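Written out below as structure tokens is the structure these notes cover.
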Amino acid sequence: MATMIDFSEPADRVAPQLLGAILRRGGVTIRLTEVEAYLGTADPASHAHKGPTPRCRTMFGAPGHLYVYASYGIHRAGNLVCSPDGTASGCLMRGGEVIEGIDIVRARRGPTAPDAGLARGPGNLGAALGLTLSDDATPVHSVSGRDPEAERQREAHPDTDLWIQEAPGPVEMVRGRRIGISKNADAPLRYWIPGDPTVSSPRSLRVALEVL
DNA sequence: CGTCGGATTTACT
DNA sequence: GTAAATCCGACGA
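Residue numbers (the numbering used here): 12 to 223.
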């Protein structure tokens, strides 16, 4: 039997389960190809490093929720909150392949973005999902990959608009340095599917430190 | 309050 | 490679 993603684990243990996972919101379905783990108070690069603030308090809340923050005033990036209630960690969604609802995503992203770039990069992925700051703390329902089970779960929670299920098959994955941060950048906490065109990093930074 | 920097993206030169 | 866009929240006064 397929298992559900367990967000109560620390983000660096959840991250590998997220690669290849299927995320649905409204009419948009995205297959995650790149995530970064942020390890809360122990991680100088994490928003949660200095403890709960109005911005990052969601990361300290219950696992299995969405943490949305504003990046450079322009973008909205989404994290999947991990670790038990009271402990902060999370996985930043950095890249994904739009496999359903391309028309919706293209309306949000504009006509010039290439297919592979529709959800490439945290800001673009947030835009593809239509995230706003008011989506912060939205529950994320983790369901089994078996279709009948997922359907049953969805019928039981009609108000939930965010769903995730584990990768339908084996996924090749590597990890390496995180991107766009200045503190603790050497920690190998970025996870991605090698060779996937929807991974956001430039080629020069796509250096795998470890094959998982 | 005011200031400052940012888990970014895009379009330039 | 460099710069502009653009705004929220962290923090100090």
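All C-beta atoms in this analysis are idealised placements derived from N, C-alpha and C, irrespective of residue type, glycine included.
All values reported here derive from a predicted model rather than from experimental measurement.
Spatial neighbours of ASP146 in its chain, beta-carbon cut-off 7 Å, leaving aside the 5 residues before and after: LEU77, VAL79
Span of the beta strand (DSSP E), counted from its first residue to its last, around ILE113: Segment 113 to 120 is the alpha helix (DSSP H) holding ILE113; no beta strand (DSSP E) there.
Rounded C-alpha distance that separates ALA88 from PRO159: 31 Å
GLY37 burial status per 10 Å Cβ neighbour count (16 or more: buried): exposed
Beta-carbon separation (whole angstroms), LEU129 vs VAL154, contact threshold 8 Å: Wrong, their Cβ atoms sit about 24 Å apart, outside the cutoff.
Option nearest PRO181 by Cα separation, candidates LEU29, ASP17, HIS60: LEU29
Endpoints, alpha helix (DSSP H) assigned at ASN135: 133 to 140
Reduced DSSP secondary structure (H/G/I, E/B, other) of VAL25: helix
Between the CA atoms of ARG157 and THR44 - distance to the nearest angstrom: 21 Å
Beta bridge counterpart(s) of CYS102 as assigned by DSSP: ALA48, LEU91
First and last residue of the uninterrupted beta strand (DSSP E) at ARG226: Within the shown structure, residues of the chain are numbered from 12 to 223, placing residue 226 beyond reach of any answer.
Residues near VAL151 in its chain [Cβ-Cβ closer than 7 Å; skip 5 each side]: GLY75, HIS76, LEU77, LEU91, LEU173, ILE175
Cβ shell of CYS67 (< 6 Å), same chain only, five flanking positions each side left out: HIS58, ALA59
Residues near THR71 in its chain [Cβ-Cβ closer than 6 Å; skip 5 each side]: One point to set straight first is that residue 71 is Phe, not Thr, in the sequence displayed. Once the five neighbours on either side are set aside, the close Cβ partners of PHE71 are PRO63, ALA99.
C-beta contact flag for ARG214 and ARG201 at 8 Å: no
Backbone secondary structure at ALA81 - three-state DSSP: strand
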